[in-house]
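Participant: Going by UniProt numbering, the letters in the sequence shown line up with residues 1 to 313, in that order.
What follows is a structure written as structure tokens; I'll ask about it next.
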Amino acid sequence: TQRLTSLLTAAMAAPTESTSETPTNKNQKKNETELQTVPDGWKEPKFTRVDNPRGLLEESSFATLFPKYREAYLKECWPLVQRALGDVVSVLKMVSETCSSDAVIKCYGDFTLFQALELLTSCYVMVQGNTVSALGPYSGLKEVRKVVLDTMKNIHPIYNIKTLMIKRELASDPELRTQNWERFLPNFRHKSLSKRKQPKKKTVKKEYTPFPPPQPESKIDKELATGEFFLRESEKRRQKMNEIKAKQAEALTKRQEQRQKAFIPPKEKPAVKKSKPAIKEKVKKAKSKKLGAPPVNPERPSAKDGKRKKVKS
Numbered sequence: 001t002q003r004l005t006s007l008l009t010a011a012m013a014a015p016t017e018s019t020s021e022t023p024t025n026k027n028q029k030k031n032e033t034e035l036q037t038v039p040d041g042w043k044e045p046k047f048t049r050v051d052n053p054r055g056l057l058e059e060s061s062f063a064t065l066f067p068k069y070r071e072a073y074l075k076e077c078w079p080l081v082q083r084a085l086g087d088v089v090s091v092l093k094m095v096s097e098t099c100s101s102d103a104v105i106k107c108y109g110d111f112t113l114f115q116a117l118e119l120l121t122s123c124y125v126m127v128q129g130n131t132v133s134a135l136g137p138y139s140g141l142k143e144v145r146k147v148v149l150d151t152m153k154n155i156h157p158i159y160n161i162k163t164l165m166i167k168r169e170l171a172s173d174p175e176l177r178t179q180n181w182e183r184f185l186p187n188f189r190h191k192s193l194s195k196r197k198q199p200k201k202k203t204v205k206k207e208y209t210p211f212p213p214p215q216p217e218s219k220i221d222k223e224l225a226t227g228e229f230f231l232r233e234s235e236k237r238r239q240k241m242n243e244i245k246a247k248q249a250e251a252l253t254k255r256q257e258q259r260q261k262a263f264i265p266p267k268e269k270p271a272v273k274k275s276k277p278a279i280k281e282k283v284k285k286a287k288s289k290k291l292g293a294p295p296v297n298p299e300r301p302s303a304k305d306g307k308r309k310k311v312k313s
């Protein structure tokens, strides 16, 4: 019994001392160091057709409308368009007057945008999930950050790449290096999207109150408040009939007023009487303007007027 107890205690103590140096932990450490170190001459593997034989599950399509008078022209040119697009699936719909293109079924992109960014900014860009990491000089990192923020705002990176290309050409010119470059850079206008259609009837939320709403009054409570509860049935009927007759009389008066509106004449402007000398002047002007009308002869001076003038002179 004493020997058994001593053997058991030794067996229990032995593994506790050697747990830190087990062969499995050593292998794990070796694997981690091998993964962290990049071998010489390693290159990023290319994405080919073999890696994606059946295409992606989701599809993104882009469609544009065209007018009816362009149908015949598009029918003739459509095979040339399909040949130029290649793997991009393009569909022409004559009924809905739309032409759409799907480019995700055969996705074999060679990351040209990333390559252009890396060449222009001299930075290494890596996208993993929802994070973007970049390594390079400070000026290049600023440009990469701007491109990433613009893409989050739904602005395509090709616009920023165009500006970077122009900036690079301007920087190489010694005369334009010190000048302002705003006149050379393109100004891309953002299209204002149409606002969401607002509903005709807007539901306004009531103010929150912690107390429950008051209990609605029953028919008996209303009758008790007005005093109808204590009336007889015959008196109640009379009151109802009187109310109905009053409503009918109001409706009749409204109908008669609407019918009489058609017989009421509209208000006319007051007639302004023209003076006689003004009318005579207008008649003279009209006679002189008419074709073939004799010219208005001015009044000839009389003999008496001539004698008087001679006397005065």
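Ideal Cβ placement from N, Cα and C applies to all residues, glycine included.
Fair warning: this is a prediction, and the values are worked out from it, not measured in the lab.
Just to check, is the beta-carbon of Ala171 closer than 6 Å to a non-hydrogen atom of the ligand MG?
Facilitator: Because no ligand of any kind appears in the structure shown, any question about the ligand MG cannot be addressed here.
Participant: Give me the Cα-Cα distance between Val38 and Asp173, rounded to the nearest whole angstrom.
Facilitator: 40 Å
Participant: DSSP state of Cys99, grouped into three classes?
Facilitator: Reduced to three states, the DSSP call for Cys99 is strand.
Participant: Should Ala134 be labelled buried (16 or more other beta-carbon atoms within 10 Å of its own) or exposed?
Facilitator: Using a 10 angstroms sphere on the CB of Ala134, the tally of other CB atoms reaches 16 or more, which defines it as buried.
Participant: What's the C-alpha gap between Glu233 and Lys240?
Facilitator: 11 Å
Participant: Start and end of the alpha helix (DSSP H) containing Phe114?
Facilitator: From DSSP, the alpha helix (DSSP H) with Phe114 extends over Thr112 to Thr121.
Participant: Hey, quick one: how far does the alpha helix (DSSP H) through Thr163 stretch, first residue to last?
Facilitator: Membership of Thr163 in the alpha helix (DSSP H) is indicated by the continuous run Pro157 to Ser172.
Participant: Exposed or buried, which one is Glu250 when buried takes at least 16 other CB atoms within 10 Å?
Facilitator: exposed
Participant: From Pro212 to Lys197, what does the alpha carbon distance come to, in whole angstroms?
Facilitator: 35 Å
Participant: Report the three-state DSSP secondary structure of Ala286 (helix, strand or coil).
Facilitator: DSSP places Ala286 in the helix class (H, G or I) of the three-state scheme.
Participant: Considering only residues of the same chain and omitting the five flanking positions on each side of Glu21, which have a CB-CB separation below 7 Å?
Facilitator: Summary for Glu21: the model assigns pLDDT 48, below 50, so the residue's position carries little reliability; its value from the coordinates is reported in the next sentence. Hits under 7 Å: none found.
Participant: So, helix, strand or coil for Leu252, using DSSP?
Facilitator: helix
Participant: Using the DSSP secondary-structure output, state which residues sit across from Gln128 in a beta bridge.
Facilitator: For Gln128, the pairing in a beta bridge is given by DSSP as Thr131.
Participant: Can you tell me which of Val144, Gly129, Lys282 and Val132 puts its alpha carbon nearest to the alpha carbon of Leu119?
Facilitator: Val144
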